[in-house]
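Here the structure is laid out as structure tokens; the discussion comes afterwards.
Numbering (my numbering), first residue to last: 18 to 423.
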């Protein structure tokens with residue numbers, strides 16, 4: 018391709034964008050804060066909040082990220098308050114629920130299987146959703162132009178409502194900090210715990226809202242001077258919807274789903290010494306298969322994994338590796354680099370070979386180490402964003418997907 022041709026193409030795109038496609042260049046970013054969250058040492062807060070989207074009309078999200086911060090804006094280290102997860106969900110509700118509070122009617126296990134699979138049940142549907150945990154600071158969530166997750170436009174019969182769920186565990190002064198982050202049942206007391214079976218040894222059902230993790234005998238966790246206020250600071254990047262936005266559809270993958278539904282969380286049984294970490298018997302390998310509900314390009318994929326995770330991979334039916342999403346561990350003490358914690362997860366972006374077909378059987382594999390085990394409440398969930406085949410219909414949108422080189 019000659020230089021003149023390239024110049025003409027760039028000019029065409031520039032003119033088209035200026036004429037009617039600001040979404041190709043005009044990304045807006047706004048910063049919000051959740052209501053205050055109060056923590057004493059050992060405290061668990063798992064709160065739902067009704068929130069407003071950045072604009073009233075139709076838009077497309079390009080990025081959504083969040084982190085816990087103190088009142089002065091400084092980031093909260095995971096080693097002090099573990100951010101188990103935050104979730105933003107757009108619900109479509111019927112007319113009868115249009116003005117009611119979702120925060121009061123949705124249970125705090127909103128992160129569980131239905132949300133991960135993109136269904137709400139009852140008279141509600143889910144539009145777009147975002148979720149992360151302690152990996153939030155170093156996980157790239159940016160969706161490239163012209164793609165985006167459509168907001169405030171589920172369908173004519175549903176009204177858009179937005180819910181934010183925040184789950185944090187204060188581990189200061191606790192007897193077993195990492196076991197607290199794994200929600201080991203024998204360490205937690207208080208709160209409204211649902212009924213659990215005898216073989217349920219740890220997970221979200223035990224580290225419920227207003228519960229508390231066991232403190233050391235020599236630590237005064239009720240000292241008023243140790244109570245702290247913090248907020249979930251969330252940053253929302255979006256564009257106003259126009260003809261050049263290519264809307265994405267979502268697929269949720271749960272490694273515990275064996276065809277009849279999944280639980281999202283599970284226990285890695287057994288224990289190994291660090292010196293034996295790479296022996297096959299010290300690695301827990303889980304796999305699930307699921308059928309793709311769409312034909313199209315995988316634009317963005319990333320897993321949600323906990324501490325002691327080793328790797329996750331998504332394979333096509335023909336064996337192609339569609340995405341490898343591995344954890345990034347911290348090595349220090351500062352917020353964002355906490356030793357032993359997953360501080361980021363590698364994502365997969367748009368690639369020529371990352372295509373799926375409707376009805377295709379995909380395979381998801383997750384690996385955890387048994388070192389320091391057993392590990393309770395671990396997760397292996399992948400969030401996949403697909404540009405559905407046939408949705409790219411406008412000349413400019415199609416044009417923007419091409420590589421322009423001389």
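Glycine included, each C-beta is placed from N, C-alpha and C at the ideal position.
Keep in mind it's a predicted model, so treat the numbers as computed, not measured.
Cα-Cα separation between residue i and residue j, rounded to whole angstroms
{"i": "residue 229", "j": "residue 264", "result": "42 Å"}
{"i": "residue 73", "j": "residue 49", "result": "16 Å"}
{"i": "residue 359", "j": "residue 37", "result": "42 Å"}
{"i": "residue 343", "j": "residue 335", "result": "22 Å"}
{"i": "residue 142", "j": "residue 177", "result": "10 Å"}
{"i": "residue 209", "j": "residue 219", "result": "15 Å"}
{"i": "residue 68", "j": "residue 301", "result": "39 Å"}
{"i": "residue 323", "j": "residue 281", "result": "12 Å"}
{"i": "residue 248", "j": "residue 339", "result": "36 Å"}
{"i": "residue 316", "j": "residue 241", "result": "48 Å"}
{"i": "residue 373", "j": "residue 306", "result": "14 Å"}
{"i": "residue 102", "j": "residue 148", "result": "7 Å"}
{"i": "residue 285", "j": "residue 393", "result": "6 Å"}
{"i": "residue 384", "j": "residue 371", "result": "22 Å"}
{"i": "residue 146", "j": "residue 104", "result": "7 Å"}
{"i": "residue 403", "j": "residue 41", "result": "19 Å"}
{"i": "residue 406", "j": "residue 187", "result": "45 Å"}
{"i": "residue 326", "j": "residue 400", "result": "17 Å"}
{"i": "residue 246", "j": "residue 94", "result": "14 Å"}
{"i": "residue 202", "j": "residue 283", "result": "13 Å"}
{"i": "residue 135", "j": "residue 84", "result": "Because the pLDDT of residue 135 is 46, which lies under 50, any placement of that residue in the model is unreliable, and the question is left without a value."}
{"i": "residue 174", "j": "residue 366", "result": "33 Å"}
{"i": "residue 184", "j": "residue 166", "result": "24 Å"}
{"i": "residue 357", "j": "residue 227", "result": "26 Å"}
{"i": "residue 244", "j": "residue 361", "result": "28 Å"}
{"i": "residue 190", "j": "residue 288", "result": "25 Å"}
{"i": "residue 198", "j": "residue 99", "result": "7 Å"}
{"i": "residue 390", "j": "residue 204", "result": "16 Å"}
{"i": "residue 157", "j": "residue 58", "result": "31 Å"}
{"i": "residue 154", "j": "residue 237", "result": "31 Å"}
{"i": "residue 363", "j": "residue 80", "result": "16 Å"}
{"i": "residue 234", "j": "residue 193", "result": "12 Å"}
{"i": "residue 91", "j": "residue 319", "result": "27 Å"}
The alpha helix (DSSP H) enclosing residue i, as first and last residue numbers
{"i": "residue 197", "result": "194-198"}
Coil, strand or helix - residue i by DSSP
{"i": "residue 77", "result": "strand"}
{"i": "residue 113", "result": "helix"}
{"i": "residue 37", "result": "helix"}
{"i": "residue 339", "result": "strand"}
{"i": "residue 241", "result": "helix"}
{"i": "residue 327", "result": "strand"}
{"i": "residue 293", "result": "helix"}
{"i": "residue 132", "result": "Low confidence applies here, because residue 132 scores a pLDDT of 48, under 50, leaving its location unreliable and the question unanswered by this model."}
{"i": "residue 204", "result": "helix"}
{"i": "residue 261", "result": "coil"}
{"i": "residue 405", "result": "strand"}
{"i": "residue 84", "result": "strand"}
{"i": "residue 248", "result": "strand"}
{"i": "residue 229", "result": "strand"}
{"i": "residue 161", "result": "coil"}
{"i": "residue 276", "result": "coil"}
{"i": "residue 190", "result": "coil"}
{"i": "residue 218", "result": "coil"}
{"i": "residue 54", "result": "strand"}
{"i": "residue 92", "result": "strand"}
Per DSSP, the bridge partner or partners of residue i
{"i": "residue 372", "result": "314"}
{"i": "residue 167", "result": "77"}
{"i": "residue 345", "result": "361"}
{"i": "residue 62", "result": "185"}
{"i": "residue 320", "result": "399"}
{"i": "residue 177", "result": "109"}
{"i": "residue 332", "result": "338 and 380"}
First through last residue of the beta strand (DSSP E) which encompasses residue i
{"i": "residue 363", "result": "Counting along the chain, residue 363 falls outside any beta strand (DSSP E), and DSSP gives it neither H nor E."}
{"i": "residue 148", "result": "142-149"}
{"i": "residue 282", "result": "282-285"}
{"i": "residue 155", "result": "Where residue 155 is concerned, there is no enclosing beta strand (DSSP E), given that its DSSP letter is neither H nor E."}
{"i": "residue 209", "result": "Where residue 209 is concerned, there is no enclosing beta strand (DSSP E), given that its DSSP letter is neither H nor E."}
{"i": "residue 47", "result": "45-50"}
{"i": "residue 350", "result": "Careful: residue 350 lies outside any beta strand (DSSP E) and carries neither H nor E."}
{"i": "residue 225", "result": "Residue 225 -> no beta strand (DSSP E), and no H or E assigned at all."}
{"i": "residue 379", "result": "378-386"}
{"i": "residue 4", "result": "Nothing can be reported for residue 4, as the shown portion of the chain is limited to 18 through 423."}
{"i": "residue 269", "result": "266-271"}
Candidates the options, of which the one nearest residue i by Cα
{"i": "residue 116", "options": "179, 226, 232 and 77", "result": "179"}
{"i": "residue 182", "options": "109, 199, 237 and 150", "result": "150"}
{"i": "residue 274", "options": "215, 303 and 258", "result": "303"}
{"i": "residue 66", "options": "237, 376 and 120", "result": "120"}
{"i": "residue 53", "options": "189, 250 and 224", "result": "250"}
{"i": "residue 43", "options": "259, 97, 81 and 387", "result": "259"}
{"i": "residue 113", "options": "224, 318, 320 and 140", "result": "140"}
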